[in-house]
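Using our numbering, you'd call the opening residue of the sequence shown number 521 and step up by one each time.
Glycine included, every Cβ here is placed at the ideal spot set by N, Cα and C.
Here is the structure we will look at.
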Amino acid sequence: MTEENTETQVSDNDIKAMQAALKKANGEAAHYRSERNTFKDRYVTLATERTLSKAGITNPKVAKFLNLSEVTVTESGELEGLTEQLDALKEDLPELFGPVEKKISGGADAADKKEARPQKSTATQLISNFRNGR
């Protein structure tokens, strides 16, 4: 062999070391991709809830009809594809976007009832009867 061939020739040990390093790098990249996707999913969920809240939509059933896997996050953190889904959902299921009735404790007819009279003590009743001559 000439001198040039020996310099360009790579040994089996070098190839195995490179393959091991590549395998390790691929494993780390997969781990970080998984973490990124987890954080992206959390961000999309929270940003969707915030967007729905800002739009005045308090009905939690609306989020169940959205396909968040089609929503993408831009470099500036904006969500793409969410408003289009909301607009389509408003057309298909407008009843989800109506006002949510809140139940008030005490019943709806509480204003129609007479005010309760305070309970008189026995002593107060006796004095009242004595004054009225009973």
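| With 16 other CB atoms within 10 Å as the buried threshold, where does M521 fall? | Low confidence applies here, because M521 scores a pLDDT of 48, under 50, leaving its location unreliable and the question unanswered by this model.
| request: Check whether the stretch 573–582 touches the stretch 529–543, counting contact only when three or more Cβ pairs, one atom from each stretch, lie closer than 8 Å. | output: no
| message | DSSP has T592 in a bridge; who is on the other side? | response | E600
| task | Label T642 either buried or exposed according to how many other C-beta atoms from any shown protein chain fall within 10 Å of its C-beta, with 16 as the threshold for buried. | result | exposed
| said: Buried or exposed, going by whether 16 or more other CB atoms sit within 10 Å of the CB of L602? | reply: buried
| task | Compute the distance between the beta-carbons of L609 and F585, then report whether it is under 7 Å. | result | yes
| query | What three-state label does DSSP hand A575 in the structure shown? | reply | coil
| Expected contact under 8 Å - CB spacing of E604 and A583 to nearest Å | Wrong, their Cβ atoms sit about 15 Å apart, outside the cutoff.
| Can you give the Cα-Cα distance for G597 and D561, rounded to whole angstroms? | 13 Å
| task | Classify Q639 as helix, strand or coil using the three-state DSSP reduction. | result | coil
| query | Near A549, which residues of its chain fall below 7 Å by C-beta distance, leaving aside the five closest residues on each side in sequence? | reply | none
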